[in-house]
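Trainee:
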Amino acid sequence: AVQTCLDTHPNVTPGGLAVLAVVSGLFHYLNNEVMYLTLGKVHPVTLAVGNTIKRIVIILASLLVLGESMQPLAAAGATVAILGTCGYGILKQRLA
Numbered sequence: 662a663v664q665t666c667l668d669t670h671p672n673v674t675p676g677g678l679a680v681l682a683v684v685s686g687l688f689h690y691l692n693n694e695v696m697y698l699t700l701g702k703v704h705p706v707t708l709a710v711g712n713t714i715k716r717i718v719i720i721l722a723s724l725l726v727l728g729e730s731m732q733p734l735a736a737a738g739a740t741v742a743i744l745g746t747c748g749y750g751i752l753k754q755r756l757a
């Protein structure tokens, strides 16, 4: 997989790929830390809505950064998945 990445992106060096992997891991760790700190201070419904907004931002940012377009069926699927996740989080807290 690493060699495929290096072959596909000739401007990325093995050292650069390692740095990107470490930075990605660091951001993932920091995201988890912030989530655990937030859990104790925010109402669960607010957290569910915030998590949904985070998913939307990630999808939109990846589309912009990668320069990709989303087909209507894929957009509909993403919308259903995002609304379903948000709805589940809200209903789970209300029924608990």
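Convert by adding 661 to the 1-based position in the sequence shown; the result is the number in the numbering used here. Think of the CB as a built atom: it goes at the ideal place given N, C-alpha and C, for glycine as much as any other residue.
For isoleucine 743, which residues from the same chain have a beta carbon less than 7 Å from its beta carbon, with the 5 sequence-adjacent residues on both sides left out?
Mentor: For this step, residue 743 is matched to residue 82 along the sequence shown. So the list reads Thr713, Arg716 and Ile717, once near-sequence residues are dropped.
Trainee: Could you tell me whether any Cβ in chain B is nearer than 9 Å to the Cβ of alanine 679?
Mentor: As a matter of chain content, chain B is missing from the structure shown, which is built from one protein chain.
Trainee: Answer yes or no: do proline 675 and leucine 687 have a C-beta to C-beta separation smaller than 9 Å?
Mentor: Within the sequence shown, the letter at position 14 stands for residue 675. Within the sequence shown, the letter at position 26 stands for residue 687. No, these two residues do not count as a Cβ contact at 9 Å.
Trainee: Keeping to the same chain, check which residues put their C-beta closer than 6 Å to that of glutamine 754; ignore five residues upstream and five downstream.
Mentor: On the sequence shown, position 93 is the one that residue 754 refers to. Pro705 and Val706.
Trainee: Taking only runs that begin and end inside the segment 678 to 728, name each unbroken beta strand (DSSP E) of 3 or more residues, in chain order.
Mentor: Fully enclosed beta strand (DSSP E) runs of 3 or longer: not present.
Trainee: If you draw a straight line from the alpha carbon of alanine 737 to that of glycine 748, how long is it in whole angstroms?
Mentor: For the purposes of this step, residue 737 is taken as residue 76 along the sequence shown, with counting starting at 1. For the purposes of this step, residue 748 is taken as residue 87 along the sequence shown, with counting starting at 1. Distance between the alpha carbons of alanine 737 and glycine 748 is about 16 Å.
Trainee: Suppose contacts are defined by Cβ-Cβ distances below 9 Å. Is leucine 681 in contact with valine 663 by that definition?
Mentor: As a working note, residue 681 is residue 20 in the sequence shown. As a working note, residue 663 is residue 2 in the sequence shown. Cβ atoms of leucine 681 and valine 663: not closer than 9 Å.
Trainee: Short check: CB of leucine 724 to CB of methionine 731, under 9 Å?
Mentor: Numbered from its first residue, the sequence shown carries residue 724 at position 63. Numbered from its first residue, the sequence shown carries residue 731 at position 70. Yes, they are a contact pair.
Trainee: So what does DSSP say about threonine 674, is it helix, strand or coil?
Mentor: As a first step, residue 674 must be located in the sequence shown, where it is residue number 13. In this structure, threonine 674 counts as coil in the three-state DSSP scheme.
Trainee: Give the DSSP-derived three-state secondary structure of glutamine 664 in the structure shown.
Mentor: Taking the sequence shown and counting its residues from 1, the one referred to as residue 664 is at position 3. In this structure, glutamine 664 counts as helix in the three-state DSSP scheme.
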